[in-house]
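What follows is a set of notes on a single structure, which appears directly below.
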Amino acid sequence: MTPQQIVAELDKHIIGQGNAKRAVAIALRNRWRRMQIEDPLRQEITPKNILMIGPTGCGKTEIARRLAKLANAPFVKVEATKFTEVGYVGRDVESIVKDLAEVAVKMVREEETAKVRERAKDAAEDRILDALLPAPKRMGFSTDAPEENPRDAETRQKFRKMLREGQLDDREIEIDLRAIPPGVNIMAPPGMEEMQEQLSSMFANLGAQRTKPRKIKVKEAQKL
């Protein structure tokens with residue numbers, strides 16, 4: 255996007271602050287131009303950060319939030335407690351980087367989830383159909399894969415159509431689901447919050463691969 259297009263997008267949501275809009279639009283465009291340069295030359299160009307100063311309510315946060323959305327970049331709002339008065343209790347400024355990284359990871363997770371959503375939906379349908387139409391047990395010691403019966407395939411397609419139309423939502427099926435590990439609360443002294451989160455995550459992952467059969471309705475199984 256050109257600076258003019260960026261300003262036009264900001265004008266749709268923010269009234270006034272024309273100078274600020276133009277400044278951030280040019281800065282964003284310059285960063286994009288820097289990314290188009292080859293690596294050896296790119297290292298010689300230092301990108302300029304943006305510092306907005308103004309009274310509360312003038313639109314600083316909104317400009318930053320809208321700009322991040324246009325650039326598809328993570329955005330987080332924090333309080334720089336290191337520069338506040340003595341005795342103020344809050345989060346450390348160093349946690350800004352951690353919060354920003356968490357937002358970036360969440361954005362990437364949502365993008366990757368969107369890419370595989372259709373495949374995950376098909377896999378969920380197949381799993382539900384397997385529970386509704388279990389394969390017949392084989393007799394003897396043959397290891398050959400059983401031949402697919404055309405009638406079974408036709409029945410499976412009929413059930414798939416009924417499933418997509420919601421006619422099977424109230425049916426109850428039994429499927430294997432991952433067991434939910436018990437919650438563990440860990441008390442940590444001030445300044446050790448990161449270690450507390452890591453320990454809690456470690457205990458939460460214990461036994462995460464265990465599964466147990468559960469009886470649930472088809473509508474709920476589609477979400478799992």
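In terms of this note's numbering, the sequence shown is residues 255 to 478. Built from N, CA and C at the ideal position, the CB exists for glycine as well. Quantities reported herein were computed from a predicted structural model and do not represent experimental measurements.
For K473, the uninterrupted alpha helix (DSSP H) segment begins and ends at 472-477. Straight through space, the alpha carbons of V370 and A322 are spaced by roughly 25 angstroms.
In the displayed model, I268 falls within coil according to three-state DSSP, outside both helix and strand. K302 is bridged by DSSP to nothing; it lacks a bridge partner. Annotation: N284 to E263 spans about 18 angstroms, alpha carbon to alpha carbon.
Counting the other Cβ atoms within 10 Å of the Cβ of K275 gives 16 or more, which makes it buried. Between I268 and E316, the C-beta gap is smaller than 7 angstroms, which places the two residues in contact. Contact between P328 and V357 holds: CB atoms are separated by about 4 angstroms, below the 8 angstroms threshold.
For Q259, the number of other beta carbons within 10 angstroms of its own is below 16, and it is reported as exposed.
Pairing K469 with K360, the inter-Cα distance amounts to about 31 angstroms. Membership of I317 in the alpha helix (DSSP H) is indicated by the continuous run 314-325. Here I280 carries a helix assignment [DSSP, helix/strand/coil]. In this structure, R288 places its C-beta atom within 7 angstroms of the C-beta atom of P301. By alpha-carbon distance to D380, the top candidate from L295, L417, M255 is L417. Assignment of beta-bridge partners to E428 by DSSP yields K469.
Under the three-state reduction of DSSP, K275 is assigned to helix. Of the candidates E365, K331, L422, K331 places its Cα closest to the Cα of K352.
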